[in-house]
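Numbering (this note's numbering), first residue to last: 11 to 167. C-beta atoms are modelled at their ideal positions from N, C-alpha and C, and glycine is treated no differently.
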(Lines of atoms letter the chains of each structure in order from A and count residues from 1; the text may use other names and numbers.)
(Lines give C-alpha, C1' and ligand atoms only; values in the text may rest on other atoms or scores of the structure.)
Protein backbone atom coordinates (compact mmCIF):
# COMPACT_ATOMS: atom_id res chain seq x y z
CA UNK A 1 0.00 0.00 0.00
CA UNK A 2 2.80 2.43 0.88
CA UNK A 3 4.61 1.65 -2.39
CA UNK A 4 1.46 2.34 -4.42
CA UNK A 5 0.89 5.63 -2.59
CA UNK A 6 4.52 6.76 -3.06
CA UNK A 7 4.36 5.85 -6.76
CA UNK A 8 1.24 7.98 -7.13
CA UNK A 9 2.89 10.93 -5.36
CA UNK A 10 6.03 10.53 -7.49
CA UNK A 11 3.93 10.43 -10.67
CA UNK A 12 2.13 13.63 -9.68
CA UNK A 13 5.45 15.29 -8.86
CA UNK A 14 6.94 14.28 -12.23
CA UNK A 15 3.82 15.48 -14.05
CA UNK A 16 4.05 18.86 -12.29
CA UNK A 17 7.71 19.22 -13.28
CA UNK A 18 6.84 18.33 -16.89
CA UNK A 19 3.91 20.76 -17.02
CA UNK A 20 6.01 23.63 -15.65
CA UNK A 21 8.76 22.87 -18.18
CA UNK A 22 6.21 22.62 -20.98
CA UNK A 23 4.68 25.99 -20.09
CA UNK A 24 8.10 27.65 -20.02
CA UNK A 25 8.97 26.03 -23.36
CA UNK A 26 5.68 27.09 -24.99
CA UNK A 27 6.27 30.69 -23.83
CA UNK A 28 9.37 30.77 -26.03
CA UNK A 29 7.41 29.69 -29.11
CA UNK A 30 4.75 32.32 -28.46
CA UNK A 31 7.32 35.05 -29.13
CA UNK A 32 8.72 35.87 -32.54
CA UNK A 33 12.20 34.42 -33.03
CA UNK A 34 13.53 37.68 -34.44
CA UNK A 35 12.27 39.64 -31.45
CA UNK A 36 13.97 37.19 -29.08
CA UNK A 37 17.25 37.59 -30.99
CA UNK A 38 17.15 41.38 -31.13
CA UNK A 39 15.43 42.44 -27.88
CA UNK A 40 17.41 41.53 -24.78
CA UNK A 41 14.52 42.26 -22.41
CA UNK A 42 12.21 39.87 -24.24
CA UNK A 43 14.91 37.20 -24.37
CA UNK A 44 15.54 37.58 -20.63
CA UNK A 45 11.86 37.40 -19.77
CA UNK A 46 11.15 34.35 -21.95
CA UNK A 47 14.33 32.27 -22.29
CA UNK A 48 16.01 32.91 -18.93
CA UNK A 49 13.28 31.27 -16.79
CA UNK A 50 13.58 28.05 -18.81
CA UNK A 51 17.35 28.08 -18.45
CA UNK A 52 17.17 28.67 -14.69
CA UNK A 53 14.50 25.99 -14.31
CA UNK A 54 16.59 23.49 -16.28
CA UNK A 55 19.70 24.34 -14.28
CA UNK A 56 17.94 23.85 -10.95
CA UNK A 57 16.41 20.57 -12.13
CA UNK A 58 19.83 19.35 -13.21
CA UNK A 59 21.44 20.35 -9.91
CA UNK A 60 18.62 18.72 -7.94
CA UNK A 61 19.02 15.52 -9.96
CA UNK A 62 22.77 15.43 -9.36
CA UNK A 63 22.42 16.11 -5.63
CA UNK A 64 19.68 13.51 -5.19
CA UNK A 65 21.70 10.93 -7.13
CA UNK A 66 24.86 11.52 -5.10
CA UNK A 67 23.02 11.49 -1.75
CA UNK A 68 21.09 8.30 -2.55
CA UNK A 69 24.28 6.61 -3.79
CA UNK A 70 26.11 7.53 -0.58
CA UNK A 71 23.21 6.33 1.56
CA UNK A 72 23.19 3.05 -0.37
CA UNK A 73 26.94 2.64 0.15
CA UNK A 74 26.68 3.29 3.88
CA UNK A 75 23.82 0.80 4.26
CA UNK A 76 25.69 -1.95 2.41
CA UNK A 77 29.31 -2.20 3.63
CA UNK A 78 30.22 -4.88 1.07
CA UNK A 79 29.38 -2.50 -1.78
CA UNK A 80 31.38 0.19 0.02
CA UNK A 81 34.45 -2.08 0.00
CA UNK A 82 33.99 -2.80 -3.73
CA UNK A 83 33.55 0.90 -4.48
CA UNK A 84 36.63 1.89 -2.49
CA UNK A 85 38.60 -0.86 -4.26
CA UNK A 86 37.47 0.46 -7.64
CA UNK A 87 38.38 4.03 -6.66
CA UNK A 88 41.82 2.81 -5.51
CA UNK A 89 42.41 1.16 -8.90
CA UNK A 90 41.33 4.36 -10.67
CA UNK A 91 43.68 6.37 -8.44
CA UNK A 92 46.59 4.08 -9.32
CA UNK A 93 45.79 4.46 -13.03
CA UNK A 94 45.67 8.25 -12.57
CA UNK A 95 49.12 8.23 -10.96
CA UNK A 96 50.44 6.13 -13.86
CA UNK A 97 48.90 8.57 -16.35
CA UNK A 98 50.44 11.50 -14.46
CA UNK A 99 53.92 10.01 -14.75
CA UNK A 100 53.42 9.20 -18.44
CA UNK A 101 52.41 12.76 -19.31
CA UNK A 102 54.76 15.63 -19.99
CA UNK A 103 54.55 19.40 -19.75
CA UNK A 104 56.09 20.42 -23.07
CA UNK A 105 55.19 23.74 -24.64
CA UNK A 106 51.93 23.92 -26.63
CA UNK A 107 52.33 25.67 -29.98
CA UNK A 108 49.65 27.33 -32.10
CA UNK A 109 48.27 25.74 -35.26
CA UNK A 110 51.11 27.17 -37.38
CA UNK A 111 53.75 25.85 -34.98
CA UNK A 112 55.28 29.31 -34.66
CA UNK A 113 54.30 30.67 -31.25
CA UNK A 114 53.50 29.18 -27.87
CA UNK A 115 49.85 29.50 -26.87
CA UNK A 116 49.09 31.63 -23.80
CA UNK A 117 49.21 29.38 -20.73
CA UNK A 118 50.91 26.66 -22.76
CA UNK A 119 54.46 27.43 -21.68
CA UNK A 120 56.83 24.56 -21.02
CA UNK A 121 56.62 23.28 -17.45
CA UNK A 122 53.06 24.54 -16.97
CA UNK A 123 50.99 22.46 -14.58
CA UNK A 124 48.01 22.91 -16.88
CA UNK A 125 49.92 21.18 -19.69
CA UNK A 126 50.85 18.37 -17.34
CA UNK A 127 47.26 17.81 -16.21
CA UNK A 128 45.91 17.96 -19.76
CA UNK A 129 48.48 15.33 -20.74
CA UNK A 130 47.44 13.31 -17.69
CA UNK A 131 43.81 13.46 -18.81
CA UNK A 132 44.73 12.29 -22.29
CA UNK A 133 46.84 9.40 -21.00
CA UNK A 134 44.15 8.49 -18.46
CA UNK A 135 41.57 8.31 -21.25
CA UNK A 136 43.91 6.19 -23.38
CA UNK A 137 44.61 3.77 -20.52
CA UNK A 138 40.92 3.40 -19.67
CA UNK A 139 40.07 3.02 -23.36
CA UNK A 140 42.63 0.23 -23.78
CA UNK A 141 41.28 -1.54 -20.69
CA UNK A 142 37.69 -1.18 -21.93
CA UNK A 143 38.68 -2.43 -25.39
CA UNK A 144 40.41 -5.42 -23.82
CA UNK A 145 37.32 -6.32 -21.83
CA UNK A 146 35.18 -5.87 -24.94
CA UNK A 147 37.34 -8.26 -26.94
CA UNK A 148 37.47 -10.71 -24.02
CA UNK A 149 33.65 -10.68 -23.76
CA UNK A 150 33.33 -11.08 -27.52
CA UNK A 151 35.69 -14.08 -27.56
CA UNK A 152 33.96 -15.59 -24.53
CA UNK A 153 30.62 -15.29 -26.32
CA UNK A 154 32.01 -16.93 -29.45
CA UNK A 155 33.41 -19.84 -27.48
CA UNK A 156 30.06 -20.46 -25.72
CA UNK A 157 28.20 -20.51 -29.05
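Asked, Found
"Do residue 46 and residue 57 have their C-beta atoms closer together than 8 Å?", "yes"
"Give the DSSP-derived three-state secondary structure of residue 138 in the structure shown.", "helix"
"In angstroms with no decimal places, state the Cα-to-Cα distance between residue 146 and residue 82.", "31 Å"
"Determine the closest residue to residue 112 out of 102, 78, 138, 51, with distance taken between C-alpha atoms.", "138"
"Return the bridge partner residues of residue 117 from the DSSP annotation.", "124"
"Hey, how far is the Cα of residue 89 from the Cα of residue 76?", "15 Å"
"Would DSSP call residue 111 helix, strand or coil?", "coil"
"Quick one, are the C-beta atoms of residue 34 and residue 60 less than 8 Å apart?", "yes"
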